[in-house]
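Student:
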Amino acid sequence: GAVVSQHPSRVICKSGTSVKIECRSLDFQATTMFWYRQFPKKSLMLMATSNEGSKATYEQGVEKDKFLINHASLTLSTLTVTSAHPEDSSFYICSASPGAGETQYFGPGTRLLVL
Amino acid sequence: KQEVTQIPAALSVPEGENLVLNCSFTDSAIYNLQWFRQDPGKGLTSLLLIQSSQREQTSGRLNASLDKSSGRSTLYIAASQPGDSATYLCAVPNGGSQGNLIFGKGTKLSVKP
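As you go down the protein sequences, you meet chains A and B in turn. Residues in the first sequence are numbered consecutively from 1, following our numbering. Residues in the second sequence are numbered consecutively from 1001, following our numbering.
1. Which same chain residues end up closer than 6 Å to Arg1072 of chain B when comparing Cβ atoms and leaving out the 5 residues on each side of it in sequence?
2. Residues of chain A with CB closer than 7 Å to the CB of Lys1042 of chain B, please, in chain order.
3. Using a Cβ-Cβ distance cut-off of 8 Å, determine whether Gln1034 of chain B contacts chain A.
4. In the DSSP assignment, what residue or residues form a beta bridge with His7 of chain A?
5. Cα separation between Ala1086 of chain B and Thr32 of chain A?
6. Interface residues of chain A around Asn1018 of chain B at Cβ under 9 Å?
7. Relative to chain A, which residues along the region 1050 to 1076 of chain B have a C-beta separation below 8 Å, given in chain order?
8. Going along chain A, which residues have a C-beta under 8 Å from Ser1046 of chain B?
9. Three-state secondary structure (DSSP) at Pro40 of chain A?
10. Residue range of the beta strand (DSSP E) that Lys941 of chain B falls in?
11. So, for Ser1059 of chain B: in the same chain, excluding its five sequence neighbours on each side, which residues have a beta-carbon less than 8 Å away from its beta-carbon?
12. Which residues in chain A sit within 7 Å of Phe1103 of chain B, going by Cβ to Cβ distance?
13. Are the beta-carbon atoms belonging to Lys1112 of chain B and Ala1009 of chain B less than 8 Å from one another?
14. Name the chain A residues that come within less than 7 Å of Gly1106 of chain B, Cβ to Cβ?
15. Between which two residues does the beta strand (DSSP E) carrying Ile1050 of chain B extend?
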């Protein structure tokens, strides 16, 4: 079946540094990928929609200058958390679908801890 | 605005029991509905996808039903096993078929040996 990978799976960083998270669709192309964030005991919340070749669409309350998204190719989207702070500590998950109406496949997630 | 609710929030059952997880959504104009499993600290695994024209989908011991008109879906797990312990999430697309998903908060299932 379709596979989506994320790297890294876990990252610990100091406050003020930037962290880049990669999301790759390994065996299909995806013009659209989604980035979600999950806080403990909360549901997944959409952060932004990543569109290949164009700017990402951010959800209300998500700072685009803080969470930089680049969808450089049909198989890769990156999320960069800039100047990370402890409140950015969370579980970040990406997803992608091979096509309209098909199952969305999720990456394994990235656990970010900002000290 | 679409909202997805799951009850119960947590469920503990003895091994071997059949169980039902519930999911409801406020806007019945959905394209499909998905059930996911999430193990602690892990990403999501898609279990079942039901298209809006379907009433149910089955995979092994799992059976998911969909009643669009009432805005409800159920996930039935037969003969539960300790390995089924996880959080189960249902989700519907926001808008079109390729839209982002709106998730419920999940049901945390614990199956005791």
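Note that CB positions come from ideal geometry on N, CA and C, so glycine has one too.
Tutor: Taking the structure as given:
1. The answer, listed in chain order, is Ser1024.
2. Here the neighbours are Pro108, Gly109.
3. Interface criterion met: the Cβ of Gln1034 of chain B is under 8 Å from a Cβ in chain A.
4. Its beta-bridge partners are A:Glu22.
5. Whole-angstrom Cα-Cα distance: 28 Å.
6. Simply none; closest approach about 26 Å.
7. Those residues of the region 1050 to 1076 of chain B that come within reach of chain A (Cβ to Cβ, closer than 8 Å) are Gln1051.
8. Here the neighbours are Thr103, Gln104, Tyr105, Phe106.
9. Here Pro40 of chain A sits in coil by DSSP.
10. Outside the shown range of chain B, which is 1001 to 1113, sits residue 941 of chain B, and nothing can be said about it.
11. Excluding sequence neighbours, Ser1059 of chain B sits near Leu1047, Leu1048.
12. The contacting residues are Ser43, Leu44.
13. No; because the gap between Cβ atoms is not below 8 Å, this pair is not in contact.
14. Those within 7 Å of Gly1106 of chain B in chain A are Ser43.
15. 1044 to 1051 is the extent of the beta strand (DSSP E) around Ile1050 of chain B.
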